[in-house]
Amino acid sequence: MFKNTSMMEQKTWGSLAITLVVCVYFISRILGADGIMDFSPAALIWIYIKIVILFIVLEVGHVIYLLWRNKSKDITEDERDQLISGKAARNGFWMTLLGIEAFLFTMILQKMYPDARILNLPAETATDLTFSLFMVLFGGLLVKYLSMLFYYRRDI
Amino acid sequence: MPPRKVKGRVTNKIKELRLAHTSLTQAELGARVGATRQTIIAIEAGKYAPSMELAFRIAREFDVMFEEVFQFDPSGS
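These protein sequence lines map, in sequence, to chains A and B. The first sequence maps to residues 1230 to 1385 in our numbering. The second sequence maps to residues 3 to 79 in our numbering.
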């Protein structure tokens, strides 16, 4: 599958997989049988630190593996990779911005009409807010990596 | 008034030059001009228009004028 792909495209597939793994781990830590569990501030910060460490360890290991696997290649990244990365980063940025805006506007609407429960967005506790914001960030990353793979496949 | 859609497409003869003059592989050409094999494939297929710098490097690699490698087709889309 990866035989005819550049190192940067292989890296994109890996980063997509890592993001999904970390996202699933985060959801499994936060969600219980009855929905979002309530954590103490210290426990929440510890989850946050673990997420960051997991991301760093997986990405560094992944890049080391790719560099070893592609050590015979003279060029690992060029102008097309940078162009694709830039375009995809823009998509990811807009997705993140849109998510944050939607989140904030929903919170505003819930404050304006407390009985309406417009989207029933979880925003009662610190854990609720952390969960929602992390989902937005994961969404932005997923859009970025999926965009990159789309552009690679479309041959821009 | 909406902006007029400009037609035009950059075509190239990299594959012909590569095979006729030097018998370079796509990976070898890429290594010489600072691009990956996948980028050379995309350029040859007309799916990616390289930067001016890369285009000049490719022409220089074949030791020909820029216009002999890259052409502009005004009717292309």
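Cβ atoms here follow ideal geometry from the backbone N, Cα and C, with glycine treated the same way.
- Three or more beta-carbon pairs separated by less than 8 Å are not found between the segment 1259-1273 of chain A and the segment 1304-1313 of chain A, which leaves the two stretches without contact.
- As the crow flies, the alpha-carbon of R1382(A) is around 14 Å from that of G48(B).
- About 26 Å separates the beta carbon of A1317(A) from that of Y1277(A), a gap too long to meet the 8 Å contact definition.
- Taking the Cα of Y50(B) as reference, the smallest distance to any Cα among V8(B), K7(B) and V12(B) is reached at V12(B).
- Where T1248(A) is concerned, the enclosing alpha helix (DSSP H) starts and stops at M1236 to I1259.
- A contact between stretches requires three or more CB pairs, one per stretch, nearer than 8 Å, and the segment 1299-1307 of chain A fails this requirement with the segment 1241-1248 of chain A.
- If you check the CB distance, F1255(A) and F1363(A) come in under 8 Å.
- Here K1340(A) has no same chain residue with a Cβ atom under 6 Å from its own Cβ, once five neighbours each way along the sequence are excluded.
- Listed along chain B are T38 and Q40, each with a C-beta nearer than 7 Å to that of S1235(A).
- Straight-line spacing of the CA atoms in P1343(A) and M1336(A) works out to 10 Å.
- Taking the Cα of M1324(A) as reference, the smallest distance to any Cα among S1376(A), M1237(A), A1271(A) and H1291(A) is reached at S1376(A).
- Proximity of A33(B) to chain A, defined by a Cβ-Cβ separation below 8 Å, is satisfied.
- For D75(B), the enclosing beta strand (DSSP E) begins and ends at F72 to D75.
- Per DSSP, the unbroken alpha helix (DSSP H) holding R39(B) starts and ends at R39 to E46.
- Comparing alpha-carbon positions, the option among A1345(A), L1333(A) and L1338(A) lying closest to V1365(A) turns out to be L1333(A).
- In the structure shown, the three-state DSSP call for I1265(A) is strand.
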